[in-house]
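Chains as they are written, first to last, in the working numbering: chain Z, 19 to 933; chain B, 19 to 933. Note that CB positions come from ideal geometry on N, CA and C, so glycine has one too. Keep in mind that this is a model prediction, so the values were computed, not measured. A quick write-up on the structure given underneath.
Number of protein chains: 2
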Amino acid sequence: MDQYVYTFTEGDRTMGDLLGGKGANLAEMTRLGLPVPPGFTITTEACREYLAAGEPPGELRVQVTGALRTLEDTVGRRLGDADEPLLVSVRSGAKFSMPGMMETVLNVGLTDVSVHGLALASGDARFAWDSYRRLVQMFGKTVLGIDGEVFAAALDAAKAAKDVTSDLDLDATDLERLVGEFLAIVRTSTGHDFPQDPRDQLDQAIYAVFDSWNTDRARLYRRRERIPNDLGTAVNICTMVFGNLGESSGTGVCFTRDPATGHLGVYGDYLPNAQGEDVVSGVRNTLSLEDMARLDPASHGELRRIMRTLETHYRDLCDIEFTVERGRLWMLQTRVGKRTAAAAFRIAVQLVDEQLITLDDALARVSGAQLALLMFPQFDAGVERAPLTRGMAASPGAAVGRIVFDSATATEWAARGEQVVLVRRETNPDDLEGMVASIGVLTSRGGKTSHAAVVARGMGKTAVCGADGIEVDPVARTVRARGASGAQAVVLREGDVISIDGSTGEVFAGAVPVVPSPVARYLEEGLVVAVQGLAGEAVELVVAVDRLLRHADSVRRLSVRANADTAEDAARARSLGAQGIGLCRTEHMFLGERRVLIERVVLAETPAAREGALADLLPLQRQDVIELLEAMDGLPTTIRLLDPPLHEFLPDRAELMVRVARAEERGEPHDDDIALLAAVDRLHESNPMLGLRGVRLGLVVPGLFALQVRAIAEAAVERLRAGGRPKVEIMVPLVGSVMELYLIRDECDGIITEVAAAAGLDLTIPIGTMVELPRAALTAFRIAEAAEFFSFGTNDLTQTTWGFSRDDVEAGFFAAYLDKGVFTVSPFESLDVDGVGRLVRLAVKEGRRTRPDLKLGVCGEHGGDPESIHFFHSVGLDYVSCSPFRIPVARLEAGRATVLRGDVRGATAEDDVFD
Amino acid sequence: MDQYVYTFTEGDRTMGDLLGGKGANLAEMTRLGLPVPPGFTITTEACREYLAAGEPPGELRVQVTGALRTLEDTVGRRLGDADEPLLVSVRSGAKFSMPGMMETVLNVGLTDVSVHGLALASGDARFAWDSYRRLVQMFGKTVLGIDGEVFAAALDAAKAAKDVTSDLDLDATDLERLVGEFLAIVRTSTGHDFPQDPRDQLDQAIYAVFDSWNTDRARLYRRRERIPNDLGTAVNICTMVFGNLGESSGTGVCFTRDPATGHLGVYGDYLPNAQGEDVVSGVRNTLSLEDMARLDPASHGELRRIMRTLETHYRDLCDIEFTVERGRLWMLQTRVGKRTAAAAFRIAVQLVDEQLITLDDALARVSGAQLALLMFPQFDAGVERAPLTRGMAASPGAAVGRIVFDSATATEWAARGEQVVLVRRETNPDDLEGMVASIGVLTSRGGKTSHAAVVARGMGKTAVCGADGIEVDPVARTVRARGASGAQAVVLREGDVISIDGSTGEVFAGAVPVVPSPVARYLEEGLVVAVQGLAGEAVELVVAVDRLLRHADSVRRLSVRANADTAEDAARARSLGAQGIGLCRTEHMFLGERRVLIERVVLAETPAAREGALADLLPLQRQDVIELLEAMDGLPTTIRLLDPPLHEFLPDRAELMVRVARAEERGEPHDDDIALLAAVDRLHESNPMLGLRGVRLGLVVPGLFALQVRAIAEAAVERLRAGGRPKVEIMVPLVGSVMELYLIRDECDGIITEVAAAAGLDLTIPIGTMVELPRAALTAFRIAEAAEFFSFGTNDLTQTTWGFSRDDVEAGFFAAYLDKGVFTVSPFESLDVDGVGRLVRLAVKEGRRTRPDLKLGVCGEHGGDPESIHFFHSVGLDYVSCSPFRIPVARLEAGRATVLRGDVRGATAEDDVFD
C-alpha cells in the first residue's frame, strides 16, 4: 500500500521528489527539533495518480484522516471546531520551484460557526472575520473557479459605502457583512453554498492544488523551464500561526549571514503584529533584528540559536521565514539563500576557513557567470542617473567615452588618447578595427547575437545593441534619442560623451562615474599588484577568487584554450591562463588594407595572375603565423584554413549595382565597376552561409589552401630554427564528408613533407577538422579516419541543426521565440543540448571508436559558456576554446564540472547516446 | 589452416566474397561440366593477409605449388616446359567489378627457352615470339613498374626501321629481335634480368595483382563507388587457350537471347583466327553466329547447348566469352548480361511465361530508371543528325518546338496551338507558367539540380540545362551557338524550331523526328487504348510493363502519393495511380497575378490593413482547397502551410535599389519604390533559406496560418455538405522544436473546432509536421507528442545536414565535387543514406516509440528516386510522395523493394540505428 501522506516528523530534505522542496525542508527542520507548526505533506505520487485517474486514490482520504487526527491530537484543537478551531494552510510545493504558478488556500477550517470560536479564542473579532473573509475569497477563486474580480468589486463597494479607502478601516461589523456578501456570491456563482464542513473544505483545497499543476500557465512555464510534465506537486497542510495577534506577535525574514558581504551576524527584517505578506509587500517599514532583540529578546535569542543550527546543518547561508505568535517562535520555511556575485565568492571561502565545507564544495557554490560579472567595471551605484534609452545588454561592463561613427575616427581619436564609444546602426567585419580602438559599442539594430554583440563579448568590450530608441545618422554624424511622448528629442554629436551599461542595456548622455573591477586587475596583473590600495572587502574578494580559481585549475580535466587571431590576442590569452589556441581564424588576417590581396586572388583572370596574387600573400601569412607561434611557444596552436565565402572580400553587390546605374545615368565612366560587378555576380550566392566556403573553397580554388599550409609549415621551420617549440595544428573547416578531408590531406601532407625535407627538419603538424555540420557528426566514425583531431564548431553546427542563420535570427523571430518560450536562452549563447548536443555526443563516441586517441575540443562561442562547458566536460572533450576574455570563466567552470560531475572522460563511450 | 587456393572444380557462384565475381563464375561453369580451361583461384583472404603483412602468407606458396601440379597433371603440360609449355593468364577478380582498375598478365610461362617449344608446338614461330613480346611488355609494365612508353617507343622504332605501320607487318625475326630489345630494357630499368624461372614469373604476377588493389586510382575508384577498402582481390590463374592458331580457331562473345528484344535465338559475334581483344577493339569485322555455324558446325552446336544450359541455370540472359582453339570450344567467362530498358521488361515477362522465374523475380529484374526512360518520347534513332551543342541531360525526353524566351510568349503561342521550347539563361519561380506551357526547357546555365532541371523533372517536361555552348540574349531574342573552332556561329531567333534531347543533353537546330512512347500512353490512358495501332514489339513491351506494374501494386507496402498543388495536377496524379497527395504547397497558389495579395499582407502598415488583406485571401484559398479535395475525394490530402520567406513575394532588392537610384538621377518621382524598398529592406535576409520562413512565419505574422487553417477547415465542410469524403491533413513546415508545434496546434485546433461547431459537423483534420531540419529528427521523440504524422522533407534536410543550399551548390562546387568523387550522385537526386538517411532512421524509430501509430511519409524529391524508395521502404515509412510524373516509377520501385527486401515495416524499431 502506497504511503501518500507524511507528517513533518517523517520526512527529510532528501525527499524532494516525493515531498516537494518546501515539504522536504519543513520535515528537515522538524527532524532538527526546530519549532515548525505541526502538519503533514501529501506526496507528488498522490497528485500523479489523481491527475491520471481524474479522481483521488481511494486510500488518500483515509490517510489524510489519520494524519489530520494526529495533527489535532498534537495541537489539541480540532479542525473547524466551534470553540477553539484548528485552522490550516494548504500550499502547493513541487520539486522544482514554480513561483506564482500554483495555488494556496489559507485559513481552511473557518465556517459560519468556527469564526465565532476564533474571535473568542483570539479575543479579536475583526481578525476572525477578516480571516474568514480571506478564506471565502481565496477558496472561491482558487477552488471554485469564481472570477476574483467579483470579490474585489464587493470589497471596493463596502469601502466606498463607508467612504474609506483602506481595508484596515473596515471593522468587525463591516467585515461580517462582507462575509455575508461573499457567501452569497459563492451561492450565486456555483449554485451551492460555501462548504461549511471543514473537512470538505480541506479536501477540495487539496484537489484544487493538484489541479493547479495542469493549468495552462503552469504547463507553459514548465515547457519553458524544461520541467517534466509528469512530476506533479506535493501539498503541504500546516497548522496556521498568526503574527498579527498583537504586540507580542510578529513576523519576519532573515539570513544566517549578510548575503552581500557574507559576514556572520544578524541580518533580517522584522515586523511586529503583522503577517508575512505585510513584510513582502513593503506597506509598512520593517524593523531590524536588533530592534526585535529589544522588543522580544526571548524570541530573538531563540531565532539566533536556530539560525546557527540551520547554517551548521545546511553548511551554507540559509534564508528563513518565521512568525512569532504571542511570544512563541515558529519556523515557516527555510532554504539556501541567494547572494550577490561578490558575496558568493567571499562566503564560499569563509565557509572553507570556518571548516564548514571543503574547497571542492566552495568551488561548486560559485559560478562562471558570477565571475564574469565581477570582471567588468560598473557604474557607481551611489550616483543617481536617468537613462536616455535602453537596448539589449549585449556584453557587460560600463563604458564612458566620446561618440565616434566609424572605424577611421575611432582609431585616430584612440591613438591620441581619447576613450571612444563606437556608435553604428549595426556592425560588420569592416568595423573590427574600430571596435578594437573603442572601449564600447552601441548599435540601434540587432540583438544579443548580432555581429556587434558577439564580437564585443569576444573582445571583452562593453556593448549595448538594438537600442531602437535612438536613430543613428552616420552622415550627419548624430545620434537622436526619441524622447518619451511629449519630451524633447535629445541629439548627440560626434565627440559628445556617452555612457553605456552593458550589464543593464542602459545608455546615458554624459559621463557616469565608473568603479573599476579589482577582479579584472587581479586576472591580468596578478594578486600582488591587484590588492595594492584596495579596501578590505575588495581584498577579501580578490583573494577568494584567486583561491577558487587556483583550486579549479588543480582539479579540472578540460584544458582551456583561446580563440585568438593575432599575436597580441594570443599573448593576452596566455596571461589569462590559456593553455593553447583552439582557433586562429586566418581570414581575420586579411581584413583592412590586406583585403585587396584576396580581392586580387578572386579577380585573377588567368591561373598565372592568381598564382602571382597567392605568392604575394605567402610572406605575410608566414609572418603572421611566426608571431602567433612565438606568443604561444610550447603550447598547441590550431590554425584554421580560410573559411568565409570569397565574395566577403569584395564590395556589396547591390551597392555596386547602384553605383554602376548612377554612373550610367550620369554618363560617367564605370568600366572598372562593371568588371568588378561581373566578378561579384559570378560569386553571388543566395545563401552564402550554405555556399562556396570552407573546405569547398580549398577544393575549388587552386592553390589557396596550399599557400596557407606552406606558410604555416615554413613558419614552424623558422620557429624551430630560432630555438622555439612550435606546436602548430592545421584545421580544415566545414567538412561534411571524409572524402573532402582525404583530398585536402593529400595536398597538405605533401607540402609539409616537402617543406620539412627542404629544411632538413622533422615537422609534425597534426591535421584535423571542424565538426560544424550535422553530416560531419553523423559520419564522424568515417571522418576520424582522416582527422587527428575534431574541433566542434558549435556556432555553425547550431545554425545547420536548427536551420536558422545567426545573422538573420535576431531581426526576424528571435524575440518572438524567447517570448513564446520556444527558447529559454539563445542556442547561440548556451548549447542546445537536446539537439546540437546530441550530435556532439554522437561524434565524440563514434570518432573515438575509430581513433581512440582522437583529440577533441570545441571552438564555438559555447566554449566560454558555463552551462555548455559542463556539457563538454560530461561528454568527454579534451579542451574548450573561447575568446581570451572568457578564459577565467572557462577555467572556473571546467573545475566546477569536475567537482560536480566527476572526471568522466570517455564515460560516454559506454553510453548509448541514442537510447 | 586457411585454404588460400581453390581449383575451378572446388568453388561455385555463391563464393564471390572469397573468389571474386570472375572466379566464382568460372567455378560455377566448371561445376556444370562446361569446358572451362583448367585453373585455380587465389582467395581475397590471401590478398588481405598479403597487404596487411607486406608479404605473402607462408602457406600460400605451398598451396600454389599443389594447385599448379594438379593443373599440370590435368592438362599434361608443365609451366614453361621447353618442349610443349603450359602458359597461364593471371587476372584480378574482385567481388565488385572495378573495370580497368587492376592488373592482368597473360602468357606467363614463356621464357627464352619455352618460346621455342611454343613455336614448335603451335607450328607458328611468329605467334610464339609475339606472345613472348607481349609477356615481357605486360610483365615489365605491370609487375616491374617500368614506364610503358619505353616499350611502345621500341616497338615503334622497330616498325619505323622496317618502314611499316602495323604490328602485323612484323615477322617472327623482327619480333625475336624486338624481344631482345625488351629484355634489355628490363635489365637496364631494373638492374635485373627478366625472370627466366616460370614459377618466379607466376609468383611475381600474383603479388603484382595483389598490389594493384592499393594503387591510387583503385583507391579513388573505391572511394567513389563506396567499395570498402579492406575486401582485397582474388587472382585467377587459368590455362591459356588461343583462338589465333589458324582457321580452326577463333573467338567470340554471345548472349543467350537478343538483349534488345529478348527473343530467344542466337545472338553474338565470332571472329575466326583471332584473340579476344580483336573482337572488342573492332579492328576486324566480326561474323555472326550463323556464319560460325557454317564454318565450324561442331563448335557452334556445342556453344548452343552450353547457352541453353547457362540460361536454364542462371535463369536469366547471360553473356559469354568463348574461344575455339583448333576445333575445341572453351568458355572463358560468363555473367548475367546487360540489356536495354525495353528488353528488360520484355525478357523478364518472357522468362515468367517460360516458367523459368516467378513474377517476383521478374519484378526484381526491371527498374524504375528503366521505366522512366520508357515513358519519354525519343528521337528516331534511324535519322542522322548533328547536334548544335550539348548540355546536361536534365530531364529525359525528346522535345521539338519553336523557341520562346519568356513566359508570356510561351503561354500565348501555346494557347494558339504551337509547340514551344522555353529558352532561358536560367529559370526562376516566375517562369513556372512558361514551363507549363512549353514542351521543353533549355538553359545555358545551371545543371542537373538547377531550378529548371528540378521543376522540369517534376512536371515530366524535357530539359537540357547548362548548355554553355549557347548564348541566350532575351533582349535581342536570339540564341547564338558558338561554332567549333573556325566554324561559323549559328544564330536562332524566336519562333525558329529547335529539338532537345533530355536523355543525352543534345540540342539540334530544326526538327528531328520523334517516336512517341507507347508506355506513356499506356500509363495515362490504359492498356486498351495504348495498344491500338502498335507494332508487335511495342505491344509486347506495353503488356510487360502492365503486368509488372500491376504485380508491383499487389505486393508493395509503401503507398504512393503525389506532390501536387492544383486540382489539375491532382487529377493527373490520380490517373497515374497516386493514392493521395503527400504535399500540396500552398505558396504555389499565390504565384502569378495572385502574388499581389501576399504583397498586401506583407506591406500592411497596420494590423487592420493586414487583417483586411488576409480576409481577401480567405475565399481564394478556400476555393483552391475545395477543388483539390474534390479531385482527391476519398484519398488523404496533405496541405502544407505557407513555407517560403515573405520577401519572395516582393520584388528583388538589388533591382529595386537600382530603379530608385536611376529615378533619383533622372529626377523622376519614385516615392512608391522607396516605400517598397523599405519593406523589402525590413524583410531582407542574408541567408533566406535559414531565415523567417515556415512555422516561424506562422508564429510571427499574426493571422497568417489561421487564415490558411480556416480556409482548409471550411473547404472540408463544404465538401462534406456536397456529399464528398474529404480526407484533408494539415502539415506545418520547418519545425525544429516541439514547442513550435504545440503553439501552432493550439491555434489550429481551436479554429477547426470553431468551424466544425459552426457547421454542426464532425471534422477530423490530423495535424502533422515536416521533418526537414536535423533538430526535428534529433528530437523526433518529443515532436511526435504533438504531431499525428511526420513527412520527411528530404530536400531541406539534405541542405541543412550537409550545410549547402541547393540553389548555390551547382554554380559553386558541385561539378568539382562530382569530378573529385566526393559525390557519386547529387544528394538532392538520391538520398545520402549515410548522413541524411541516418537522421531519417532515427526519427522513424524514436517518433514511433513515442507514438506507435505515427504516420510516416516522405515528400522531398527523393520520394520519386528509385534507390531512395528502397531506403524508405527499409526504414519502414508508410508512403512516399513524388511529382505526378514519377508515380509509376515509385509504384514499381515500391513493389521491387518488397520483393527484394521483404516487408519490413517497423523492423528498424528493433535495430539500434546508431550502433
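How many Å lie between residue i and residue j at the Cα?
| i | j | result |
| --- | --- | --- |
| Glu-847/B | Pro-884/B | 10 Å |
| Gln-222/Z | Thr-257/Z | 17 Å |
| Asp-661/Z | Gly-610/B | 39 Å |
| Gly-924/B | Val-893/B | With a pLDDT of only 49 at Gly-924/B, under the threshold of 50, the placement of this residue in the model should not be trusted; the figure read from the coordinates follows. Cα to Cα, Gly-924/B sits roughly 7 Å from Val-893/B. |
| Gln-155/Z | Phe-169/Z | 6 Å |
| Arg-728/B | Val-719/B | 16 Å |
| His-469/Z | Arg-442/Z | 12 Å |
| Leu-50/Z | His-281/Z | 25 Å |
| Phe-890/Z | Tyr-540/Z | 27 Å |
| Ala-45/Z | Thr-27/Z | 6 Å |
| Ile-785/B | Arg-869/B | 14 Å |
Using a 10 Å radius around the Cβ and a threshold of 16 neighbouring Cβ atoms, would you call residue i buried or exposed?
| i | result |
| --- | --- |
| Ser-572/B | exposed |
| Gln-373/Z | exposed |
| Lys-356/Z | exposed |
| Ala-596/Z | buried |
| Ala-499/Z | buried |
| Lys-40/B | buried |
| Phe-526/Z | buried |
| Tyr-24/B | buried |
| Ile-692/B | exposed |
Taking 8 Å as the CB-CB cut-off, is residue i touching chain B?
| i | result |
| --- | --- |
| Phe-831/Z | yes |
| Arg-475/Z | no |
| Asp-825/Z | yes |
| Gly-446/Z | In the sequence on display, residue 446/Z carries Asn and not Gly. So no, Asn-446/Z is outside the interface. |
| Gly-754/Z | yes |
| Ser-306/Z | no |
Shorter than 8 Å from the beta carbon of residue i to some beta carbon of chain Z?
| i | result |
| --- | --- |
| Thr-819/B | yes |
| Gly-709/B | yes |
Would you identify the three-state DSSP class for residue i, choosing helix, strand or coil?
| i | result |
| --- | --- |
| Lys-356/B | coil |
| Leu-874/B | strand |
| Leu-162/B | coil |
| Pro-669/B | coil |
| Thr-656/B | strand |
| Gln-726/Z | helix |
When the Cα of residue i is compared with those of the options, which residue comes out closest?
| i | options | result |
| --- | --- | --- |
| Ala-146/Z | Asp-130/Z, Phe-157/Z and Thr-160/Z | Asp-130/Z |
| Lys-177/Z | Asp-189/Z, Ala-311/Z and Arg-463/Z | Asp-189/Z |
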